[in-house]
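Chains A and B, in that order, are what the protein sequence lines are.
Its first residue numbered 4, the first sequence is counted upward by one per residue in this note's numbering.
Its first residue numbered 2, the second sequence is counted upward by one per residue in this note's numbering.
Glycine included, each C-beta is placed from N, C-alpha and C at the ideal position.
Keep in mind it's a predicted model, so treat the numbers as computed, not measured.
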Amino acid sequence: MNRSTIWVLILITIVALSGCINGNQAPSNTLEIKGSDTLVQLVSDMAEAYMMEHPGADISVTGGGSGCGIAALINGEVDIADASRRIEEGELEKASERGIEIWEFVIARDGLCIIVHPSNPVRNLTLDEVGAIYRGEITNWKEVGGEDMKITLYGRQSTSGTYEFMREHVLKGDYSPDMLNMEGNKAIVDGVKVDKSGIGYIGIGYLRDGVKPLNIASKKGSAYVSPLDQEAVEDGRYPLTRPLYQYTNGMPVVGSLAYNFLKFELSDKGENITRRAGYYPPNTEDKANNDEKFRMIERKIR
Amino acid sequence: MNKRSWEGVKDRLIAFFFAANGILTIIILIGIFIFLAYIGLQAFHEISIREFFFGKEWNPTAYGEPKWGILSLVTGTIYIAVISLLIAIPLGVASAIYIAELASPFIREVLKPAIEMIAAIPSVVLGLIGLLIVAPFVAEIFNLPNGLNALTASILVAIMALPTIISISEDVISAIPESYREASLALGATRWQTIKGVILPAASSGIVAASMLGLGRVVGETMVVLMVAGNSRAFPTSILDPVRPITSTIAIEIKEVVQGDLHFQALFALGFVLFLMTFAINLASDIFLTWRQGVR
């Protein structure tokens, strides 16, 4: 072979091998958090408040959906995954296959809101009716006491923890294929705001003027409860109350940024930030579970 | 070494540098092809080819059994492609004719950069304009509850394809020798008859090539479509239905897959299908061009 061919082959080899260079490990006072769109604003607020008190820390928070965050956690790309749904068996298995130990913490509670356009006369629905609507079995508002209008379904995408939560707990079946898969809570709010026939589901922190939350009854005959009733959300009378989770990559060792940040989120200051964002703090059971985990962590260093 | 042999060496080094760049392009293309194929084809260990290519439902995270049919995704891509080309080609060719044949030099100087600037608009900005202006407009006209459907997406994507189609068509039309026009006018034809009967047929292969390039652009557009096409999984039956083309599907689902998963591999297979579609379109346009030139 002649000279130029040899040079071409050398060039090809260099280009092909350049992909094998490894990146550096991140320094330990940075924290990568990724996941739930429901949590993204809240956790960003927490991170900002924490970084103001601890100027050396560097916390980055991105959204993408609970499924996205958990997948990134399993791929070893982030330190903490925000999730508005519980991690699944299959995901835990994949994580342990990759040698990643996952710790679960509840950092807030949500009263998931079912929203409609303010002009919609419907104000109350049972959980079954919501499920039937989203499964595509009820297609017209007149079937639930509204006007004669075809229902337009606004929902999230499969990356969303809220999407999974609704499917597990309310639909217990598949979503209607006509549902519009929006990118986030805000997109659902924007959609329902201008659509008189729309119905959507959002985390309560995203509730704004321009959309109306419905009162939900757990079954026919029970009382219709509003998601804005804090006591009802905390004691579970509001049927769509759910814990909001953070999953860490490995045990958050005492003194690590992950540990300190978690403690901050669960402190009084963190609780104030949670309430200001429109969410509810973890209830007694959540707090007990968190405390048990912290005891296990603290015991390991003694 | 003396000055003359250094110049000789420099000459060859520079030639080598240019060659290396050209080869790099091919390496990247082949690399992408192999990467997509290698991972994508692994999906077929578990998904039957029949279900993949002929199944109507794509639902990898279904409550029950996952479904891997790409037909509704491909149909969504085709709907948007066809409608946006129906808008962009007539508009684009007409604009090209105006710029090349009828506009005064002053207007030409203003229009050409203006059209280039359309190409510079970030797609996410166009998506925003779509959400705030085009979607409500479409909803008004067709009396729909919202404007998130294939038609809205097609309108916006047509805007994105316009600069490509206009630029290339205009170049082709300008390249037609003056003698053609002079001969036609000398025979007594009007300017419109000249354009219709002489210029357009002569430029037709170039215009087809421009349209194919526009088509490639349309089929691959992701951001705009993600924002305004509605993204519902149902099989689209009219252009006023929300659609979920291949690009949106990949963009949405790639974030939640774990590397090496079946879903991961299926998305690569989907990407490979899209890659092959665009590749086939470009190949067809190349062949068409060469054939026409051969005939001439």
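Please report whether the beta-carbon of residue i lies at a distance below 8 Å from any beta-carbon of chain A.
i, result
"B:K197", "no"
"B:G231", "yes"
"B:T62", "yes"
"B:N147", "yes"
"B:F143", "no"
"B:P322", "Residue 322 of chain B cannot be examined here, being either before or after the span of chain B that is shown, 2 to 297."
"B:V10", "no"
"B:P237", "no"
"B:E47", "no"
"B:P137", "yes"
"B:Q43", "no"
"B:Q260", "yes"
Tell whether a beta-carbon distance below 8 Å holds between residue i and residue j.
i, j, result
"B:I240", "B:I84", "yes"
"A:G2", "A:I118", "In the structure as shown, chain A starts at 4 and stops at 305, and residue 2 of chain A therefore has no counterpart that could be examined."
"A:I103", "A:I90", "no"
"A:S179", "A:L156", "yes"
"B:A162", "B:G215", "yes"
"B:S124", "B:V244", "no"
"A:V192", "A:I205", "yes"
"A:I83", "A:I36", "yes"
"A:K296", "A:F168", "no"
"A:L247", "A:G114", "no"
"A:L183", "B:G231", "yes"
"A:Q44", "B:I253", "no"
"A:E268", "A:M49", "yes"
"A:A10", "B:F17", "Note that residue 10 of chain A is Trp in the sequence shown here, rather than Ala. Yes, they are a contact pair."
"A:R85", "A:G38", "The sequence given here places Asp at residue 85 of chain A; Arg does not occur at that position. Yes, the pair counts as a contact, with Cβ atoms nearer than the cut-off."
"B:A82", "B:V219", "yes"
"B:A101", "B:I50", "no"
"A:A261", "A:T251", "yes"
When DSSP builds the beta bridges, which residues end up paired with residue i?
i, result
"A:E35", "A:S63"
"A:C116", "A:I205"
"A:N143", "A:K153"
"A:E107", "A:Y250"
"A:P216", "A:I118"
"A:N184", "A:G158"
"B:N60", "B:K68"
"B:G231", "B:V244"
Counting only beta-carbon atoms, is residue i nearer than 8 Å to chain B?
i, result
"A:G164", "no"
"A:S99", "no"
"A:T65", "no"
"A:N184", "yes"
"A:A74", "yes"
"A:P121", "no"
"A:I117", "no"
"A:P180", "yes"
"A:Q28", "For A:Q28, the pLDDT reaches just 48, beneath the cut-off of 50, and the residue's location in the model is therefore unreliable, although a value from the coordinates is still provided. A:Q28 does not count as touching chain B."
"A:Q233", "no"
"A:R170", "yes"
"A:I205", "no"
"A:N5", "no"
"A:N78", "yes"
With a threshold of 16 other CB atoms inside 10 Å of the CB of residue i, please say whether the residue is buried or exposed.
i, result
"A:L12", "exposed"
"A:Q28", "The pLDDT assigned to A:Q28 is 48, lower than 50, so where the model puts this residue is not dependable; a value taken from the coordinates is nonetheless given after this. Classification of A:Q28: exposed, given that the 10 Å Cβ count is below 16."
"A:G26", "The predicted model places A:G26 with a pLDDT of 49, which falls under 50 and marks its position as unreliable, so this point remains unresolved."
"B:M213", "buried"
"A:Q249", "buried"
"B:W59", "buried"
"A:R170", "buried"
"B:Q266", "buried"
"B:T238", "exposed"
"B:L14", "exposed"
"A:N32", "exposed"
"B:N147", "buried"
"B:A1", "Residue 1 of chain B is absent from the model: chain B starts at 2 and stops at 297."
"B:R5", "exposed"
"B:G280", "Going by the sequence as given, residue 280 of chain B is Phe instead of Gly. The residue is exposed, with fewer than 16 neighbouring Cβ atoms inside 10 Å."
"B:L86", "buried"
"A:D238", "exposed"
"B:D287", "exposed"
Would you check whether the ligand NAP has a heavy atom nearer than 7 Å to the C-beta of residue i?
i, result
"B:E179", "Among the components of this structure there are no ligands whatsoever, and the ligand NAP is therefore not found."
Original post:
Can you find at least 3 beta carbon pairs, one from the segment 63 to 80 of chain A and one from the segment 259 to 273 of chain B, that sit closer than 8 Å?
Top reply: yes
**OP:** Evaluate contact between the segment 200 to 219 of chain B and the segment 168 to 181 of chain B, counting only Cβ atoms and requiring at least three cross-stretch pairs below 8 Å.
**Re:** yes
**OP:** Flag this pair as touching only if the segment 50 to 68 of chain A and the segment 204 to 218 of chain A have three or more C-beta atom pairs under 8 Å; answer yes or no.
**Re:** no
Original post:
Looking at C-beta atoms only, is the number of pairs between the segment 169 to 189 of chain A and the segment 115 to 135 of chain B that lie closer than 8 Å three or more?
Top reply: no
**OP:** Count the C-beta pairs between the segment 71 to 87 of chain B and the segment 267 to 275 of chain B that are closer than 8 Å, then say yes if the count reaches three, no if not.
**Re:** yes
Original post:
Are three or more beta carbon pairs between the segment 144 to 154 of chain A and the segment 217 to 226 of chain A nearer than 8 Å?
Top reply: no
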